[in-house]
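A.B. asks: If you're matching positions, the sequence shown starts at 1 in UniProt numbering and goes up one per residue.
Here a beta-carbon is modelled for each residue, glycine too, at the ideal position from N, C-alpha and C.
Remember, it's a predicted structure, so these values are computed and weren't measured experimentally.
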Amino acid sequence: MTQKVALITGVTGQDGAYLSELLLSKGYIVHGTKRRSSSFNTERIDHLYQDPHQAGVRFFLHYGEMTDSTNLIRIIQEVQPDEIYNLAAQSHVRVSFETPEYTANADAIGALRVLEAIRILKLEGKTRFYQASTSELYGKVQAVPQTETTPFYPRSPYAAAKLYSYWITVNYREAYGIHASNGILFNHESPIRGETFVTRKITRAVAAIQHGFQKKLYLGNLDAKRDWGHARDYVDGMWRIVQHFEPSDYVLATGEMHSVREFVEKSFASVGRAIEWKGSGVNEKGIDQQSGEVLVEIDPRYFRPAEVDLLIGDPSKANQVLGWQHRTSFEDLVREMVEQDLQTVLREENRQSRHD
Ligand code: NDP
Ligand code: GDR
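1) Which one of V93, S37, S39 and K4 has the shortest CA to CA distance from L22?
2) Starting from the C-beta of A253, find all residues in its chain whose C-beta is less than 6 Å away, skip the five residues before and the five after it, and write them out in chain order.
3) Hey, quick one: how far does the alpha helix (DSSP H) through L24 stretch, first residue to last?
4) What I want to know is whether the C-beta of L342 ends up closer than 7 Å to one or more non-hydrogen atoms of the ligand GDR.
5) For the beta strand (DSSP E) containing H62, list its first residue and its last residue.
6) Check each candidate in H188, D82, W239 and L87 and name the one with the smallest Cα separation from M66.
7) With a threshold of 16 other CB atoms inside 10 Å of the CB of V93, please say whether the residue is buried or exposed.
8) In angstroms with no decimal places, state the Cα-to-Cα distance between G237 and V264.
9) Check whether the region 173-193 and the region 204-215 are in contact - that is, three or more C-beta pairs closer than 8 Å.
10) Within 10 Å of its beta-carbon, does V296 have 16 or more other beta-carbons around it, so buried, or fewer, so exposed?
11) Less than 8 Å between the CB atoms is what I'm expecting for D107 and A161, so what's the real figure, rounded?
12) Between T196 and the ligand GDR, is the CB less than 7 Å from at least one heavy atom?
13) Can you check the region 288-348 for any beta strand (DSSP E) of at least 3 residues that lies completely inside it and give the ranges in chain order?
14) CB-CB under 8 Å to R240, same chain, minus the five flanking residues each way: which ones, in chain order?
15) Is K285 near the ligand GDR - that is, is its Cβ less than 7 Å away from at least one heavy atom of it?
16) Measuring CA to CA, which of R351, V308, N221 and A207 is closest to D341?
17) Using DSSP bridges, identify the partner residues of D249.
18) For L346, which residues in the same chain have their Cβ closer than 7 Å to its Cβ, ignoring the five residues on either side in sequence?
19) Would you report the Cα separation of F97 and P305, rounded to the nearest angstrom?
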């Protein structure tokens, strides 16, 4: 059997790294796009790098930019992929309120550019397409739990852009017969999650506080509730979606919901600290029950102009059709992230002090 060739846009992100590992372990040739940056941005995939001068290389990087059609067409022409996983995006909801036009360009029109490239290059019959859709589409939720048929109600420029990319994926499937699918993925995290998303921000802070490098953690809305899973489990779901003979749209979620507040409590608990909450609103504080130290405070800068209060997904379709289910519990996810950050924070501090 010939080796399958996959192209992953946004390979340097959290999901790009886990998906590359998965596809390489399945024998794929993997091409990924990274952005030109003034500093190194390949930390998550450096362990996968292979010297292109050697024989049998199966992992390749290309400079890719979602706002540049010519670039995307050229890469897809060169690579002739059997599968494209479109993961590249400006993925931060809060940031999308500050860069709405850029977010629409990269996240909405970016997906269109890839789909059009498939048509322009006449790859409709060869190349399967996966779009990284999101639970943020449900926004102001219309039903609990959310399924593939729950109406969307986006609450941010990010979600509105992803609404376009969701529907253009459906449209290109129906109009041109492209094997194009959406994974409607609920929040998924890991020790390599971006540091500005709330889970990683919390676990890094807990580790830094535990090592004595930091005193406090400032957060926004503690009462937001999310359905948090592990990225490793979710990239397996992406792959299963693309393998199925019939393209379709699937929710990937755990079916469990927890608040940011609970995430904070569990993270501190994993280093043996119990948090007690005192005060309310912006004056609420998280206090170490034993020492009385204030460890968590509210900074209204982290509030969003419009918030998504709660998300909880029903992954029954993925479970029944694809045999997919999440494997990592909420407790294990928090523990793994804190344990890793205890080491990461220490390593970074040591590196820093060598430069002082
Ligand atoms: P990350 O933010 O970790 O990774 C995003 C990737 O996209 C990075 O490689 C980034 O490059 C790249 N990128 C950003 N903008 C551009 C651009 N203009 N051109 C080319 N590349 C670009 O996201 P995740 O890995 O967490 O998520 C992957 C995808 O899944 C995203 O589309 C996200 O919106 C979506 N999603 C994520 C969920 C989650 O919980 N993680 C849930 C549902 C959907 P660089 O490294 O240089 O920044
Ligand atoms: P989200 O993730 O917006 O769900 O998008 P994020 O971790 O940023 O926020 C989750 C919830 O936590 C609240 N929150 C804070 N968030 C951040 N980032 N920083 C804080 O200090 C803070 N304090 C409280 C937020 O208000 C929010 O309610 C993620 C991204 O990966 C998207 O790309 C993806 O589509 C969705 O998950 C599913």
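C.D. replies: To lay it out plainly:
1) K4
2) F186, D227, G313 and P315
3) Q14 to S25
4) no
5) For H62, the enclosing beta strand (DSSP E) has its first and last residue at F59 to Y63.
6) Answer by Cα proximity: L87.
7) buried
8) 28 Å
9) no
10) buried
11) 4 Å
12) yes
13) Segments of the beta strand (DSSP E) lying fully in the region 288-348: 294-298.
14) A318, L322, G323 and W324
15) no
16) A207
17) Answer by DSSP bridge pairing, in chain order: N182.
18) H211
19) Roughly 8 Å between the two C-alpha positions.
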